[in-house]
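Please read the structure below before turning to the comments.
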Amino acid sequence: MDGVPHLKMLGIGYKAHGKDWAELEMPFAEQQVADPDYGIIASGAIFALLDNAAGFAVQVARAELIPMATLDLRVDYLRGPAPRATVIGHATCYRLTRQIAFVRGFAHDGDAANPIANMAGTFMFTALPGSPS
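If you number the sequence shown the way numbering that gives the first Met the number 0 does, the last residue is 132 and the count never jumps.
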């Protein structure tokens with residue numbers, strides 16, 4: 000993750016993954032704060048966390064690194080994270096076609112049953128399997 004400048008800047012790092020899912024985490028940092036009076040992480044940082052968790056879930060589901068682009072990513076914010084909390088982004092790739100991946104997930108601050116946001120996304124592969132990247 001250190002090789003991607005905006006992930007490094009936001010402090011986003013690997014947490015866990017399985018055959019079709021991935022989790023990334025973003026520890027609290029002052030530079031992410033939207034409202035200094037409350038110490039709550041900005042929604043844009045949470046969006047970036049979920050976008051990258053979704054992309055990572057697609058890569059592990061394919062078991063192959065292939066260039067792709069985010070076609071659509073919807074994030075519904077349900078509540079603000081707890082002040083100074085680490086936020087975890089969980090994403091599952093639930094359908095793969097030849098050119099498109101479908102992902103859903105959520106962000107939470109320690110209790111996955113009480114999410115901060117829900118996410119649904121669609122990704123397009125920009126190179127097909129077996130073709131030069």
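Heads up, the beta-carbon is just placed ideally off N, CA and C, and yes, glycines get one too.
Member of the options whose CA lies at the smallest distance from the CA of residue i
i, options, result
"residue 28", "121, 96, 95 and 86", "86"
"residue 125", "47, 118, 40 and 66", "66"
"residue 88", "7, 25, 10 and 75", "25"
"residue 35", "98, 83 and 117", "83"
"residue 106", "98, 117 and 99", "117"
"residue 111", "90, 30 and 98", "90"
"residue 23", "11, 31, 32 and 33", "11"
"residue 98", "51, 70, 6 and 45", "70"
"residue 76", "44, 58 and 31", "44"
"residue 109", "79, 73 and 92", "79"
"residue 92", "13, 17, 33 and 74", "17"
"residue 73", "15, 119 and 33", "119"
Straight-line gap, residue i to residue j (C-alpha atoms, nearest Å)
i, j, result
"residue 42", "residue 95", "28 Å"
"residue 81", "residue 49", "17 Å"
"residue 4", "residue 121", "23 Å"
"residue 115", "residue 60", "25 Å"
"residue 8", "residue 53", "19 Å"
"residue 19", "residue 103", "11 Å"
"residue 101", "residue 56", "10 Å"
"residue 64", "residue 47", "20 Å"
"residue 123", "residue 68", "5 Å"
N-terminal and C-terminal residue of the beta strand (DSSP E) that residue i is part of
i, result
"residue 72", "67-76"
"residue 34", "32-34"
"residue 12", "12-16"
"residue 115", "Per DSSP, residue 115 belongs to no beta strand (DSSP E) and is neither H nor E."
"residue 101", "99-107"
The alpha helix (DSSP H) enclosing residue i, as first and last residue numbers
i, result
"residue 61", "42-61"
"residue 9", "4-9"
Cross-strand partners of residue i (DSSP beta bridge)
i, result
"residue 22", "15 and 89"
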